[in-house]
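Engineer:
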Amino acid sequence: MERGAGGAVRHLLSVDDLSDQDIRDVFERATQISQGQKFSHPAPVATLFYEASTRTEISFLRAVEMVGGEAVRLNPERSSVTKGETPEETVRTLQALGIQTIVIRTSEPLLPKRLSGIGPSIVNAGDGCHEHPTQALLDVAAITAAKGTVKGLVVLIVGDHLHSRVTRSTSKLLLRLGARVILAGPPALLPQELASELGAEAARDWEPYLEEADVVMALRIQRERQGVSLVPDAAAYRRHYGITATRFFEGKNPFLLMHPGPANVGIEVDPEVVDHPRSLIRRQVALGVPIRAAVLSLVGEARS
Ligand code: CP
Numbered sequence: 028m029e030r031g032a033g034g035a036v037r038h039l040l041s042v043d044d045l046s047d048q049d050i051r052d053v054f055e056r057a058t059q060i061s062q063g064q065k066f067s068h069p070a071p072v073a074t075l076f077y078e079a080s081t082r083t084e085i086s087f088l089r090a091v092e093m094v095g096g097e098a099v100r101l102n103p104e105r106s107s108v109t110k111g112e113t114p115e116e117t118v119r120t121l122q123a124l125g126i127q128t129i130v131i132r133t134s135e136p137l138l139p140k141r142l143s144g145i146g147p148s149i150v151n152a153g154d155g156c157h158e159h160p161t162q163a164l165l166d167v168a169a170i171t172a173a174k175g176t177v178k179g180l181v182v183l184i185v186g187d188h189l190h191s192r193v194t195r196s197t198s199k200l201l202l203r204l205g206a207r208v209i210l211a212g213p214p215a216l217l218p219q220e221l222a223s224e225l226g227a228e229a230a231r232d233w234e235p236y237l238e239e240a241d242v243v244m245a246l247r248i249q250r251e252r253q254g255v256s257l258v259p260d261a262a263a264y265r266r267h268y269g270i271t272a273t274r275f276f277e278g279k280n281p282f283l284l285m286h287p288g289p290a291n292v293g294i295e296v297d298p299e300v301v302d303h304p305r306s307l308i309r310r311q312v313a314l315g316v317p318i319r320a321a322v323l324s325l326v327g328e329a330r331s
């Protein structure tokens, strides 16, 4: 991992880029930023989202404002990308225009890494099925805010792991910080080797874990990444793997509910549970702003 003169992280491509101190710094700064303390990243930041987003792009734009920076939103559909401009050429062009940090979302795994040698700092806002490091940071921040720590907690993640960058980033960070992570979902969407690679457990018979999980995170069925639909029947998916009102309200264990969004409400989570006090879903979204502001301030320090 390339670091700036003060040792700060220069790019954020994967949760693996973060040292233990970086992780502590992000959480501490996010708290301080939420309390009104100023950290700066005055250099211009561009968002370059080749894939759709509501939460991540808007929270990065809000985060840039919070660290006193100027944000430029480049919409690839209205840029020279439509004329065949490559990502490398787009990054070089943004650099020539004075942009020093680029926040990238793409369907291409490892594209942010490939672009990180050009010059501007690159922050990965989700690269295909690979990683989504700021999502992992805000997920951990949401659990910590509710439970005080993630260490020793049981986190059950249910859904499409095969295509999930959230599984790859959030599980990794939770495991590193001492949580027990159990992955569950349709067998076609839960490769055993992925669970083993991450150091997580894979549960075929997952419902008993609802009685011991501190946190249950539902994942989105990622139809856009499934060449052929691996979930042909949404109603059957809800019945077998949805966090239904019955599963949420009728068990004895008052687990907390999470979903990185965007949720298919009525399939992965029932409408009644989304805004329940035991749901962290809206808090996850809100925490995206201070967490991303903290990340931008650290990246900015590496450049100064
Ligand atoms: N969780 C997440 O990445 O949401 P968006 O796709 O809306 O950014």
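Going left to right, the sequence shown walks through residues 28 to 331 as my numbering numbers them.
For every residue, glycine included, the Cβ atom is placed at its ideal position computed from N, Cα and C.
#1: Between S196 and Q162, is the Cβ-Cβ spacing less than 8 Å?
#2: Return yes when the Cβ of D49 is within less than 8 Å of the Cβ of L325, no when it is not.
#3: Hey, would you say the C-beta of S80 is under 7 Å away from at least one heavy atom of ligand 1?
#4: Cα-Cα, which of I126, A329, L323 and V185 is closest to P160?
#5: Would you kindly check if the distance between the Cβ of L121 and the Cβ of A90 is under 8 Å?
#6: Would you report the Cα separation of K199 and P114, rounded to the nearest angstrom?
#7: Which first and last residues belong to the beta strand (DSSP E) in which I184 is found?
#8: In or out: T109 buried (at least 16 other Cβ within 10 Å) or exposed?
#9: Determine whether the beta carbon atoms of L180 and K174 lie at a separation below 8 Å.
#10: Considering only residues of the segment 97-167, which uninterrupted alpha helix (DSSP H) runs meet the minimum length of 4 residues and lie entirely inside it, listed in chain order?
#11: R250 lies in the alpha helix (DSSP H); which residues open and close that run?
#12: Please confirm if the segment 258-269 is in contact with the segment 288-306, defined as three or more CB-CB distances below 8 Å between the two stretches.
#13: Run the proximity test for Q249: is its beta-carbon closer than 7 Å to any non-hydrogen atom belonging to ligand 1?
#14: Assuming L75 is part of the beta strand (DSSP E), what are its boundary residues?
#15: Could you check whether the Cβ of Q162 sits closer than 7 Å to any heavy atom belonging to ligand 1?
#16: Quick one: residues in its chain with C-beta nearer than 7 Å to the C-beta of P147, no 5 flanking neighbours on either side, listed in chain order?
#17: Is G186 a contact residue of ligand 1, with contact defined as CB to any heavy atom under 7 Å?
#18: Cutting at 7 Å between CB atoms, please list the residues of its own chain near A70, excluding the five before and the five after it.
#19: Use the C-beta contact count for Q311: other C-beta atoms within 10 angstroms, 16 or more gives buried, fewer gives exposed.
#20: Does the beta-carbon of E84 have 16 or more other beta-carbons within 10 angstroms, so that it is buried, or is it exposed?
#21: Using the C-alpha atoms, what's the distance from L314 back to R51?
#22: Hey, which unbroken runs of the alpha helix (DSSP H) at 4 residues or more fall wholly within the segment 190-249?
#23: Is the Cβ-Cβ distance between L210 and A229 less than 8 Å?
#24: Identify which residue in V185, I149 and H286 has its Cα closest to the Cα of D44.
Structural biologist: According to the structure data:
#1: The answer is yes: Cβ separation under 8 Å.
#2: yes
#3: yes
#4: L323
#5: no
#6: 28 Å
#7: V181 to V185
#8: exposed
#9: yes
#10: 114-123 and 138-142
#11: No alpha helix (DSSP H) contains R250, which DSSP labels as neither H nor E.
#12: Contact between the segment 258-269 and the segment 288-306 is present, because at least three Cβ pairs lie under 8 Å.
#13: No, the beta carbon of Q249 sits no closer than 7 Å to any heavy atom of ligand 1.
#14: Run containing L75: V72 to F76, per the beta strand (DSSP E) assignment.
#15: yes
#16: The residues are V118, L121, Q122, I126, Q127, T128 and I129.
#17: no
#18: G96, Q127, T128, G327 and R330
#19: buried
#20: buried
#21: 16 Å
#22: 199-203 and 219-225
#23: The criterion of a C-beta distance shorter than 8 Å is satisfied by L210 and A229.
#24: The residue among V185, I149 and H286 with its C-alpha nearest the C-alpha of D44 is I149.
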